[in-house]
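In this note's numbering, the protein residues as written are 125 to 1153. For reference, the structure discussed in these notes is given below.
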C-alpha cells in the first residue's frame, strides 16, 4: 500500500514539475525532453528518501516527546519549516524536500486522510460513542457551521481583511472559517487517557473531531466554489439539498461498504495479510466511490461511518488471531501518515511562505489575534449549545465545558484543506497565502499552547477520577510486591551463578529503595487522613480503626463494581480469542457490562441487560407454529435452532466468566468484607442465569441435545488447535506440518458451524454418559435391565443429608439443588442439570447422604441401585476410578476441615485438578511421595511427624480418608484387606490456594507487619496506621 502511494505521489510530482518548467519558458525541444526524463528518473529515489527521512525524524522526535512531554506534531512542523527554509544547505535531503514541495495537496487528501479517519473510527469504543452520538452530531453539524460563520466574522470584521486590499470576500472568509473549524484533538484525547479522565468525555471530543472533519469538508466544498471570481450565488434551497445529499449519502455508502466488508471478513480464517488488506480495500474504495463516481457524496463521512461500523460489528467478524495484526498495521499507517503530513506542511510553509510571499509583519500580529478569536469563538459556539449538550447523552459538566473549548486543537485535515486552497489557481493569491499561513499558525499555536496546558486545566477542573480506595489498593499491591521481592532476593542469593552480585547496587538499579519510599509516603498520608476522618467499618458494623479508615462505603462499592465489570469484559474477550465464544455473543455481553459501567453506584445488573436482548418465548412460539409450513418452514426451523444456540452460548459464557470473576476477586489486595456486597450482586445474576438455563432446557429439550453436541465438537477441535500449537512451539512438529493440521481443523470447525442438526427428543442411552462408557457390553445390558424412571415434583427432596439412600440417579430432565452444611462454614450450594449423576459421594459414603438434594423444577431421573453400582466398581477398575474422582467434590464439602487448600478453591478449580490427577488404589505396603499433594479417598495412611526435636523422636500419625495429603511429605500405606485409594495431583494446589486466598483482615495485618519488619530502621519517625490505632 505504501509503495502504491509513493507511485501516485511520484506521478503527481512529475506533472507539477513539467508544468513549472513550461511556465518559466524552459525549452521544450528534443534535448530538453531527454533532460526531463533524466530528472524524472533521478527524482524517484529522492521521494522515497524523503518518506523514510521523515519517518526517521518522526522516530527521533517521538523519543524526545517521551522524555520532554513536548507535543509531537508541533515539533514536526518546526523541523519541516527548517528543512524548507534551509533546503539549499541540506544537500540531498534538501533536494528531496524541494521535490515533494510540488506535491498536489489533493494527494494528501486522497492517500493520507482516509487512513487517519478510518483508524480513529475503527479504534473507538462503540458503545460509549453511540451513547454520546447526539452531542457529537450537535457539535459536528450546526456547531461547525456556526463556528465557521463566527470565524468568518472574525476575519472580515475584527481583523479587518477586505476584498479590495486582501482579495477576501465573505465567501472567501467562510471558506477560511470552514478550514479553521476542522479540529484534530489527538494530543488532548491521548492526554485525557493518560491522566485517567472519563472515557465518555474523551469519546465526545474524539467523536466531534471525526464528524467535524466530514462536515467541515462539506462546508469547504460549498463555500470555496462561491469564493471563486464569477461564481453565481445559488438559492438557499439548492444549497441545502446539496448539503443533505452530500452529508447524508456519505454515511449510507459507508454503512453499505461496512456490511459488505464484514461479510467478507467473517469468511477469512487465519490470514492476517488478507484481513488487513480487506480493511484497506474497503477504506479506499468507499472514499473513491464517494468522491469520484456518480455518487458525489462526502468521502470523509463515508469513511467515518465505515470505521464506526467496523468498530461496532466488524471487529467480531475478524478471526481472533488476526485482530492484533490488523490493529498493528493500522496503527503504523496512522502514525506514518500523520508524521508525513505535519512534516510536509512545515516544508511547504518554509518554502512557500518564506520566499516571495505577500505575508507581512502586520499579518503576523493578526495571526496571534486570530488565535485568540478562534478560542473565543469556540467558546461562543459551545456556549450556544451548552444547554442541549448538558441534558442529552452523557451530559456536559462545567469542567468538561471549559476543557472542550480549550481542547479544540487544529491539525491534519485543516492543514490539508489549506494546502488545497493554496494550489487552487482560481482563487486570489492573497487569500490562498493567508489561508495556509493562518491555518499553519493557528495549528502550531493550538498544539503548543493548548496542547501543553490542557493537562493543567483538566487537573484544575477536577476531571480526574482518582478515588481514595484506588490509592489504597495500589499501596497494598506495592507492599505485596515488596514482600515478594524480598523473598525473591533470598532465592537469588542462593543461586551459585550470582554469588558475586552487589545486592545494594541491585536494589539501586531496580529502584527498590524508591519503591519502599513511595509506600512510606503513602502510609504517612493514610495516617493523616485516618486521624482527620472517623473510620468506618464496612460489612461488619464494627468501628475499629483500619488502614481503610475514612472511606465511604459508596466509594468502595462503586470502585469494585468498576473492577468487576472490567474483569468480566476482559474474560468475555479472552474466551472469544480462545475460540470459546462467538463474536456476536461477545459483543452483546460486553455491551451489557458497558451499560452497568454507565453508573457503578447502582447494583450490578449484567444478566438483566443480557436477558433484555433475547427474543421472547411468545415470538419464538410463532416460529414454532410455522416450522412445518411449506417453503418457509425450513427457514423458521433454522432460525429457531441458531437463535437458541446463540442464547445458550451467551448464557453459558456469562456463567463461566462470572464464576471465574468471583474466583479471581480473591486476588484483590483488600479485605473480602469490602467487596462482599458486590459479590452477592454478582451471585444473584449467576443464579438468575442458571434458572433461565434450566427453563430453557425444559422448554426446548429436543433442541438442547443438538446444541450440546455441536458445542462439544467445537470445544474438542479448539483443544486440538491448542495442542498442535504447543507442539509447534516446542519444536515437535515443523511449520508445514502445523499448517496442514491447522487447516484441516479450521475446515472442520467451519463445517460444524454451518451444520444444521435435526431436532430429536433426548434419548439418553447409558453408553453416552462418560461415567458408563467404560463398562463392557454385558454390564451395560445388566444396568439397563435394572434401571427405572422416576419423576420428582418441584421442591420435592430426592434425599436429605444423613439419610440412608439405596439409589443413585441420572437426571434426564430438570434441575436439582444440592446443599452442603458444614460445621463452622456457611451453607454451600451447587446446581445440577440434565446428564448429572447424583451422587458419587453417596456411593463412596456407603449410602449415607453427604448433602441435601432437592428438585427445583419437575425432574425426571433414571435410578440405579447402590448395590449394583458397587458391584460394577469391583469388576471394572476404570468405573471405580470415575466414581472416586467424581466423589471428591462431595467429600471436600462434607469434610471441609480436612480438605486443606482444596476447600478454598471453586468447584470448577477442584474439578480441574481432580480430572488431571493420577488415580491409584493399592493394598500393598508403599511410601507415597507426592510432589504436588494429593487426596485420600478411601483407606488409611500413616505419616511420621517430629514430636521432640531435642530427642529427634518421630511418631506415626494415622491419616483417615477424606483428607488432603500435603506436598513433600512422606505417607505410608500398610498391607491389609481394605484398599487405599487416593489421587496424586499434577499441579500445585497449595500455590493456587495461595493466589486465590481471600485477603482477610488478619492476612492484611500480617502483610503490614512483614513489610514493617523489613523497614524497621526507617520507621522511627512515624507510626504506621495499624500500630497507631
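Note that the Cβ used here is the ideal one computed from N, Cα and C, for glycine as well.
Item                                                                                                                                                                                : Value
Can you say whether residue 986 is buried or exposed, counting buried as having 16 or more other CB atoms within 10 angstroms of its CB?                                            : buried
Thinking C-beta only, is residue 806 closer than 7 Å to residue 728?                                                                                                                : yes
Check the DSSP bridge columns for residue 1106 and list the partner residues they point to.                                                                                         : 1044 and 1060
Is DSSP giving residue 194 helix, strand or coil here?                                                                                                                              : coil
Give the straight-line distance between the Cα atoms of residue 704 and residue 839, rounded to the nearest whole angstrom.                                                         : 7 Å
Which value, in whole angstroms, describes the spacing of the CA atoms of residue 746 and residue 735?                                                                              : 20 Å
For residue 964 and residue 905, I'd like the C-alpha separation in whole angstroms.                                                                                                : 21 Å
Taking only three categories from DSSP, how would you classify residue 1014?                                                                                                        : helix
When you compare each of 764, 723, 814 and 323 to residue 742 by their alpha carbons, which one comes out closest?                                                                  : 764
Are there 16 or more other CB atoms within 10 angstroms of the CB of residue 875, so buried, or fewer, so exposed?                                                                  : exposed
Just how far apart, CA to CA, sit residue 863 and residue 441?                                                                                                                      : 22 Å
At the level of alpha carbons, what is the spacing between residue 1157 and residue 760?                                                                                            : Because residue 1157 is not part of the residues shown, which for the chain are 125 to 1153, the question remains open.
In the stretch 505-578, which residue ranges form an unbroken beta strand (DSSP E) of at least 3 residues, counting only runs that do not cross its ends?                           : none
Sort 630, 567, 639 and 576 by Cα distance to residue 599 and report the nearest one.                                                                                                : 639
Between the beta-carbon of residue 429 and the beta-carbon of residue 500, is there less than 7 Å?                                                                                  : no
Would DSSP call residue 391 helix, strand or coil?                                                                                                                                  : coil
Going by alpha carbons, who is nearest to residue 917 out of 1033, 1085 and 978?                                                                                                    : 978
Tell me which residues share the same chain as residue 711 and place their Cβ nearer than 6 Å to its Cβ, disregarding the 5 neighbours each side in the sequence.                   : 440
Between which two residues does the beta strand (DSSP E) holding residue 984 run?                                                                                                   : 983-989
So, at 7 Å on beta carbons, what are the nonlocal neighbours of residue 971 in its own chain, with the 5 sequence-adjacent residues on each side left out?                          : 928, 929, 930 and 990
Should residue 458 be labelled buried (16 or more other beta-carbon atoms within 10 Å of its own) or exposed?                                                                       : buried
Apply the 10 Å Cβ neighbour rule to residue 169 and answer buried if 16 or more other Cβ atoms are within range, or exposed otherwise.                                              : exposed
Please report the Cβ distance between residue 1006 and residue 898, rounded to the nearest whole angstrom; I am assuming they are in contact, meaning their Cβ atoms lie under 8 Å. : 7 Å
Could you tell me how far apart the beta carbons of residue 416 and residue 491 are, in whole angstroms, since I believe they sit closer than 8 Å?                                  : Going by Cβ atoms, the distance from residue 416 to residue 491 rounds to 35 Å, so no, they are not a contact pair.
What residue from 533, 722 and 394 has the CA that sits closest to residue 448's CA?                                                                                                : 394
Assuming residue 1097 is part of the beta strand (DSSP E), what are its boundary residues?                                                                                          : 1094-1097
For residue 961, does the three-state DSSP call read helix, strand or coil?                                                                                                         : strand
Measuring CB to CB, does residue 421 end up less than 7 Å from residue 374?                                                                                                         : yes
Within the chosen definition, does the stretch 992-1008 reach the stretch 832-852 through at least 3 CB pairs nearer than 8 Å?                                                      : no
When you compare each of 351, 262 and 246 to residue 407 by their alpha carbons, which one comes out closest?                                                                       : 246
I need the straight-line Cα distance from residue 1155 to residue 219, nearest angstrom please.                                                                                     : Past the edges of the chain, shown from 125 to 1153, lies residue 1155, and the structure says nothing about it.
Spatial neighbours of residue 291 within its chain, please: CB distance less than 6 Å, with the 5 preceding and 5 following residues excluded, ordered by chain position.           : 552, 554 and 555
Closer than 8 Å is the cut-off here; do at least three beta carbon pairs connect the stretch 510-518 with the stretch 294-302?                                                      : no
May I have the straight-line CA-CA distance separating residue 527 from residue 692, to the nearest angstrom?                                                                       : 32 Å
Please specify which runs of the alpha helix (DSSP H), each continuous and at least 4 residues long, are wholly inside the stretch 184-254, giving them in chain order.             : 196-209, 215-224 and 237-246
Let me confirm a value: residue 361 is counted as buried when at least 16 other C-beta atoms fall within 10 Å, else exposed. Which label applies?                                   : exposed
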